[in-house]
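Q: Pasting in a structure now, in structure tokens, and then I'll have a few things to ask.
There are 2 protein chains.
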Amino acid sequence: MGGSKLGPKGFQAAGIACGIKTAEGAKDLALIYSEVPARVAGLFTKNRVKAAPILYTRKTVRGGVCRALIVNSGNANACTGKKGLMDVEAMAKLTADVLHIPYQQVLVSSTGVIGQPLPMEKILRGIPSLATKLSPYGFQDAAEAIMTTDTHPKLIAERMATGEGEITILGMAKGAGMIRPQLATMLAFILTDAQLETEILSALLREGVRCTFNRITVDGDTSTNDMILLMANGKGSSTPLYPGDERFHTFKATLFRVMDQLARAIVRDGEGRTKVVEITVRGARNSKEAEKLAFRVAQSPLVKAAFFGQDPNWGRIMAAMGTAEVPFDPQKVDIYFDGDLVVENGVRAKDSSTDKIKEVLKREEFRVIIDLHQGISQASVLTTDLSYDYVRINASYHT
Amino acid sequence: MGGSKLGPKGFQAAGIACGIKTAEGAKDLALIYSEVPARVAGLFTKNRVKAAPILYTRKTVRGGVCRALIVNSGNANACTGKKGLMDVEAMAKLTADVLHIPYQQVLVSSTGVIGQPLPMEKILRGIPSLATKLSPYGFQDAAEAIMTTDTHPKLIAERMATGEGEITILGMAKGAGMIRPQLATMLAFILTDAQLETEILSALLREGVRCTFNRITVDGDTSTNDMILLMANGKGSSTPLYPGDERFHTFKATLFRVMDQLARAIVRDGEGRTKVVEITVRGARNSKEAEKLAFRVAQSPLVKAAFFGQDPNWGRIMAAMGTAEVPFDPQKVDIYFDGDLVVENGVRAKDSSTDKIKEVLKREEFRVIIDLHQGISQASVLTTDLSYDYVRINASYHT
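The listed protein sequences correspond, in order, to chains A and B.
In terms of my numbering, the first sequence has 284 at position 150, counting the first letter as 1, and numbering is strictly consecutive.
In terms of my numbering, the second sequence has 263 at position 129, counting the first letter as 1, and numbering is strictly consecutive.
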């Protein structure tokens with residue numbers, strides 16, 4: 135959706151440049167606001183080193199209700215000690231003051247460079263002017279303001295009809311690097327005007343993340359600031375949605391589609407990527423083993439460099455699998471590249487030709503299917519290639 | 135040592151180009167020969183996908199005695215099924231025939247591209263001519279013939295005096311990529327004319343590998359062909375070395391020094407590397423946790439890209455540590471770059487200046503010391519940076 139379209143009923147947003155990022159006019163401060171108290175659920179990074187806004191917002195989300203979310207990019211407010219925690223509180227307090235809402239209902243999120251104190255004068259000067267820009271049309275600006283190395287904002291909206299009218303689900307995310315979510319994810323904020331209880335919201339978020347945001351990787355590194363929030367303010371449906379309800383099923387499918395699209399958008403905008411590759415491991419004894427193998431292949435620098443070079447080096451896939459600490463029989467493994475059988479029983483398939491594999495590798499997106507022939511479970515992971523640009527972007531992120 | 139120097143007494147070697155590698159005149163077939171039966175110990179890749187020569191040689195080493203080792207580069211003979219196993223046997227048989235030694239005393243090793251059948255006509259034509267070139271001066275040629283993406287051969291020799299004369303330890307290795315040994319390593323062959331029992335040889339190899347070859351990483355990937363062999367033919371000492379013996383201690387120290395130098399040489403020649411960085415984690419509760427944390431930092435693509443860019447982004451080190459599944463208190467962590475205190479109690483150290491950190495990052499080799507302040511254990515891991523050249527080399531290795 136473009137900036138001209140409306141978000142869910144009762145939500146407003148804004149995004150401005152307040153000077154945290156050095157690039158002239160680069161937006162770096164976003165605000166999301168619900169006209170009425172919204173239910174909220176959240177998942178947070180499993181990284182043992184947690185940024186100040188994670189520590190703060192995790193606690194606030196436990197209250198189950200929120201009115202606003204203030205986010206800055208360009209600085210992660212991580213590894214910043216006591217000052218970092220005081221800065222988060224100051225951001226929440228000022229936001230609450232200018233919006234005339236309870237301080238306990240303001241969530242805070244940050245993303246960017248680790249280890250530097252926030253430029254608080256700039257942020258505290260920015261918040262009041264940001265609040266004046268709140269608008270039902272401001273989601274595009276907000277999505278821009280949470281970007282770091284992303285090349286474009288990631289904003290998805292879906293609508294569904296209910297007997298009473300229409301429900302909207304809107305999501306925004308930022309990704310690009312340090313992407314290997316562990317039960318949480320990069321930054322992603324999903325808003326809906328559906329009415330749902332907090333526990334149901336939490337369960338939906340957890341289930342949805344498992345098969346979307348937690349099944350992507352760019353570089354296998356996990357951020358100190360990963361956060362995903364799901365807010366529901368009930369302004370679009372007068373009665374709450376409950377499991378068992380027909381509307382609930384449609385809502386759940388729509389929500390998961392939004393999450394899936396955001397997750398894919400993050401990988402498609404992965405740092406320096408020229409390819410998006412879905413690695414599917416099937417025929418596994420259980421889905422945990424399938425996922426472990428798929429991630430091992432999806433994160434191998436040698437496999438990823440071969441994708442970048444369009445090099446039909448399938449042996450690297452076998453070698454990577456062999457290190458996953460999952461038992462499997464190499465002599466039973468089949469590997470397909472977009473439907474082409476390339477490896478059969480662990481050796482090069484008779485009918486496979488290098489030219490055919492190269493044809494597949496030229497595509498911008500393709501699938502690698504690995505069949506273990508050991509069971510009926512499977513898992514898919516979406517990954518990028520490893521390019522010169524990935525190195526370039528990360529060799530000079532700080533300076 | 136150069137090609138003009140002698141190896142351990144009673145050993146001979148040779149290396150030739152037999153046409154496996156496409157580059158004109160690139161050596162790709164090596165032979166090592168002991169004039170008398172030598173005791174042998176070996177360690178092999180933990181990768182679940184094992185190349186044919188691994189399966190074969192692992193069994194042969196159990197006999198405890200060997201006379202010769204035939205090695206090819208340019209083709210790993212991995213994921214090659216039954217034909218691969220038959221090819222290894224054919225290599226061992228022909229080598230035994232031309233040297234007039236028992237077939238059960240020939241070891242075989244391969245390195246190179248995975249998943250392609252060996253060009254056996256070339257190899258079988260090469261072995262007889264290789265055997266005619268055997269010489270006490272042939273170790274430089276052999277070390278060249280086991281190279282893949284290495285930029286130079288890795289050959290180390292050390293001598294020690296004993297009451298009876300002199301003992302020599304000579305080692306050669308190949309590395310450069312797919313380097314994250316798991317209880318074994320890339321290819322490394324160490325020869326000595328000392329006299330030792332097989333069990334003692336095995337114990338020495340295991341202990342030495344733990345703190346040398348198993349403490350290095352280039353890209354975190356593990357090869358299907360990792361193999362390290364230690365051979366002792368007894369020609370340099372008329373009496374066997376036993377633990378407790380003074381000579382044994384000198385021998386052990388010398389052997390470990392050879393292993394350490396070879397391991398460091400592998401990292402220094404790591405694919406595309408511009409930096410060599412030693413990551414030390416100290417103040418840990420036990421060495422296992424220290425090692426896990428050190429490896430997590432040493433393998434993070436974001437940390438490695440920052441090293442390449444000489445970017446003083448120490449936050450990435452903290453973020454990488456946080457994903458290691460090792461309990462530690464981020465607020466107690468100190469980090470030093472070559473003696474400069476950069477992080478103190480988890481935040482930027484007061485006296486640290488970005489300029490000072492940049493000074494360290496300009497060096498070709500430097501140390502990062504991470505102090506957890508939780509105990510007295512420590513571990514060090516040697517790693518490389520992640521450069522454009524790493525991507526270039528691995529984007530087109532196959533073709």
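Just so you know, even glycine gets a beta-carbon here, dropped at the ideal spot from N, CA and C.
Predicted, not measured: the structure shown is a model, and the values here were computed from it.
Along chain A, in chain order, which residues have C-beta atoms closer than 7 angstroms to that of Gly456 (chain B)?
A: On the second sequence, residue 456 (chain B) is found 322 positions in, with the first residue counted as 1. Here the neighbours are Asn181, Arg182, Val183, Thr358.
Q: So, is the C-beta of Leu520 (chain B) closer than 7 angstroms to a C-beta in chain A?
A: Reading the second sequence from its first residue, position 386 is the one you call residue 520 (chain B). Yes, Leu520 (chain B) counts as interfacial toward chain A.
Q: When the Cα atoms are used, what is the spatial distance from Leu317 (chain B) to Ser269 (chain A)?
A: Here residue 317 (chain B) refers to the residue found at position 183 when the second sequence is read from its first residue. Here residue 269 (chain A) refers to the residue found at position 135 when the first sequence is read from its first residue. In this predicted model, Leu317 (chain B) has a pLDDT of only 47, less than 50, meaning its place in the structure is not dependable; the value taken from the coordinates is given anyway. Each residue's Cα considered, the two are about 60 angstroms apart.
Q: Can you check whether the C-beta of Val525 (chain A) is within less than 7 angstroms of a C-beta belonging to chain B?
A: Indexing the first sequence from 1 puts residue 525 (chain A) at position 391. Yes, because at least one Cβ of chain B sits closer than 7 angstroms to the Cβ of Val525 (chain A).
Q: Find the nearest neighbour of Glu331 (chain A) within the set A:Arg344, A:Leu289, A:Phe382, judged by alpha-carbon distance.
A: The residue given as residue 331 (chain A) occupies position 197 in the first sequence. Comparing Cα-Cα distances from Glu331 (chain A) to each of A:Arg344, A:Leu289, A:Phe382, the minimum goes to A:Phe382.
Q: Based on the DSSP secondary-structure assignment, which residues constitute the bridge partners of Met225 (chain B)?
A: The residue you call residue 225 (chain B) lines up with position 91 of the second sequence. Looking at the DSSP assignment, Met225 (chain B) forms no beta bridge with any residue, so it has no partner.
Q: Put Arg196 (chain A) into one of helix, strand or coil per three-state DSSP.
A: As a first step, residue 196 (chain A) is located in the first sequence; it is residue number 62 there, counting from the start. Looking at Arg196 (chain A) - three-state DSSP - the assignment turns out to be coil, as it is neither helix nor strand.
Q: Which value, in whole angstroms, describes the spacing of the CA atoms of Lys216 (chain B) and Gln250 (chain B)?
A: Reading the second sequence from its first residue, position 82 is the one you call residue 216 (chain B). Reading the second sequence from its first residue, position 116 is the one you call residue 250 (chain B). About 13 angstroms.
Q: Considering only the alpha carbon of each residue, which of A:Phe442, A:Val467, A:Leu364, A:Met452 lies closest to Lys191 (chain A)?
A: Against the first sequence, residue 191 (chain A) aligns to sequence position 57. For clarity, residue 191 (chain A) is Thr in the given sequence; the question names Lys instead. The shortest C-alpha separation from Thr191 (chain A) is found at A:Leu364.
Q: Identify the contact partners of Val247 (chain B) in chain A, using a Cβ-Cβ distance below 8 angstroms as the criterion.
A: Translated into the one-based positions of the second sequence, residue 247 (chain B) becomes position 113. What Val247 (chain B) touches in chain A: Asn447, Gly449.
Q: Please name the residue or residues paired with Lys288 (chain A) in a DSSP beta bridge.
A: Along the first sequence, read from residue 1 onward, the residue named residue 288 (chain A) stands at position 154. Beta-bridge pairing links Lys288 (chain A) to A:Ala307.
Q: Answer with yes or no whether the minimum CB distance from Cys152 (chain B) to chain A is below 7 angstroms.
A: Counted from its first residue, the second sequence places residue 152 (chain B) at position 18. Not closer than 7 angstroms to any Cβ of chain A, the Cβ of Cys152 (chain B) fails to qualify, so no.
Q: Does chain B have any CB closer than 7 angstroms to the CB of Phe347 (chain A)?
A: As a position in the first sequence, residue 347 (chain A) is number 213, starting the count at 1. It does not; no Cβ of chain B falls within 7 angstroms.
Q: Less than 8 angstroms between the CB atoms is what I'm expecting for Leu506 (chain A) and Phe462 (chain A), so what's the real figure, rounded?
A: Sequence index remark: in the first sequence, residue 506 (chain A) carries index 372 (1-based). Sequence index remark: in the first sequence, residue 462 (chain A) carries index 328 (1-based). That pair is a contact at about 5 angstroms.
Q: Compare the Cα-Cα distances from Ile503 (chain B) to each of B:Arg416, B:Ala230, B:Leu375 and report the closest residue.
A: Reading the second sequence from its first residue, position 369 is the one you call residue 503 (chain B). That would be B:Arg416, whose Cα lies nearest to the Cα of Ile503 (chain B).
Q: Where do the N-terminal and C-terminal ends of the beta strand (DSSP E) with Ile503 (chain A) fall, by residue?
A: Taking the first residue of the first sequence as 1, we reach residue 503 (chain A) at position 369. That run of the beta strand (DSSP E) goes 499-505.
Q: Any idea which residues DSSP pairs Asp474 (chain B) with across the strands?
A: Taking the first residue of the second sequence as 1, we reach residue 474 (chain B) at position 340. In DSSP, Asp474 (chain B) forms a bridge with B:Phe471.
Q: When you compare the CB positions of Ile166 (chain B) and Phe178 (chain B), do they come within less than 7 angstroms of one another, or not?
A: Start at 1 with the first residue of the second sequence, and residue 166 (chain B) comes out as number 32. Start at 1 with the first residue of the second sequence, and residue 178 (chain B) comes out as number 44. For the 7 angstroms CB-CB criterion, Ile166 (chain B) and Phe178 (chain B) do not form a contact.
Q: Assign Glu425 (chain A) to one of three DSSP states: helix, strand, or coil.
A: Walking along the first sequence from the start, residue 425 (chain A) turns up at place 291. Helix.
Q: Going by CA-CA distance only, name the one from B:Lys256, B:Val205, B:Glu255, B:Thr266 that's closest to Val232 (chain B).
A: If you number the second sequence from 1, residue 232 (chain B) lands on position 98. Nearest C-alpha to Val232 (chain B): B:Thr266.
Q: Going by C-alpha to C-alpha distance, which of B:Phe273, B:Val247, B:Arg340 sits closest to Thr156 (chain B)?
A: Locating residue 156 (chain B) in the second sequence gives position 22, counting from the first residue. Among B:Phe273, B:Val247, B:Arg340, the Cα nearest to that of Thr156 (chain B) is on B:Val247.
Q: Would you tell me roughly how many angstroms separate the C-alpha atoms of Ser487 (chain A) and Arg501 (chain B), rounded to the nearest one?
A: Start at 1 with the first residue of the first sequence, and residue 487 (chain A) comes out as number 353. Start at 1 with the first residue of the second sequence, and residue 501 (chain B) comes out as number 367. The alpha-carbon of Ser487 (chain A) is positioned some 47 angstroms away from that of Arg501 (chain B).
Q: Expressed to the nearest angstrom, what Euclidean distance is found between the alpha-carbon atoms of Leu241 (chain A) and Arg182 (chain B)?
A: The sequence position of residue 241 (chain A) within the first sequence is 107, counting from 1. The sequence position of residue 182 (chain B) within the second sequence is 48, counting from 1. Straight-line Cα distance between these residues: approximately 47 angstroms.
Q: Val174 (chain B) and Val199 (chain B) look like a contact to me (Cβ under 8 angstroms); what is the Cβ gap, rounded to whole Å?
A: Here residue 174 (chain B) is taken as the residue at index 40 of the second sequence, counted from 1. Here residue 199 (chain B) is taken as the residue at index 65 of the second sequence, counted from 1. 7 angstroms between Cβ atoms; contact.
Q: Kindly say whether Arg482 (chain A), judged by its beta-carbon, lies nearer than 7 angstroms to any beta-carbon of chain B.
A: Here residue 482 (chain A) is taken as the residue at index 348 of the first sequence, counted from 1. Judged by the 7 angstroms Cβ criterion, Arg482 (chain A) is in contact with chain B.
Q: Where does Phe145 (chain B) fall in DSSP's three states?
A: Position 11 of the second sequence, counted from the start, is the residue given in the question as residue 145 (chain B). DSSP places Phe145 (chain B) in strand when its eight states are reduced to three.
Q: In angstroms, rounded to a whole number, what distance separates the CA positions of Ala397 (chain B) and Ala337 (chain A)?
A: The residue you call residue 397 (chain B) lines up with position 263 of the second sequence. The residue you call residue 337 (chain A) lines up with position 203 of the first sequence. If I take the Cα positions, the gap works out to 50 angstroms.
Q: I need the boundaries of the beta strand (DSSP E) containing Ala322 (chain B), first residue and last residue.
A: The residue labelled residue 322 (chain B) in the question sits at position 188 within the second sequence. Note, Ala322 (chain B): beta strand (DSSP E), 321-326.
Q: For chain B, find out if any of its Cβ atoms is closer than 7 angstroms to the Cβ of Ala453 (chain A); answer yes or no.
A: To locate residue 453 (chain A), count along the first sequence from 1; it is residue 319. Yes, Ala453 (chain A) counts as interfacial toward chain B.
Q: Below 8 angstroms on C-beta distance, what does Phe442 (chain A) contact in chain B?
A: To locate residue 442 (chain A), count along the first sequence from 1; it is residue 308. Within 8 angstroms Cβ-Cβ: Val525, Ala529.
Q: Got a sec? Which residues, its chain only, sit under 7 angstroms from Thr245 (chain B) by beta carbon, not counting five neighbours each side?
A: To locate residue 245 (chain B), count along the second sequence from 1; it is residue 111. For Thr245 (chain B), where only same-chain residues beyond five positions count, the Cβ hits under 7 angstroms are Ser207, Ala210, Ile280, Thr282, Lys308, Leu321, Asn359.
Q: For Asn528 (chain B), which option in A:Glu300, A:Pro374, A:Lys288, A:Val437 has the closest C-alpha, if you only look at C-alpha atoms?
A: Taking the first residue of the second sequence as position 1, residue 528 (chain B) is located at position 394. Cα-wise, what sits closest to Asn528 (chain B) is A:Val437.
Q: Across which residues does DSSP place Arg526 (chain B) in a beta bridge pair?
A: As a position in the second sequence, residue 526 (chain B) is number 392, starting the count at 1. BP columns for Arg526 (chain B) are empty, so no partner.
Q: Let me check one thing: in DSSP terms, what residues is Asn206 (chain B) bridge-paired to?
A: Your numbering for residue 206 (chain B) matches position 72 in the second sequence. Note: Asn206 (chain B) sits in a beta bridge opposite B:Leu163, B:Ser244.
Q: Can you look up Ala366 (chain B) in the DSSP assignment and give me helix, strand or coil?
A: Residue mapping note: residue 366 (chain B) aligns to position 232 of the second sequence, counting from 1. If DSSP states are grouped into helix, strand and coil, Ala366 (chain B) belongs with the strands.
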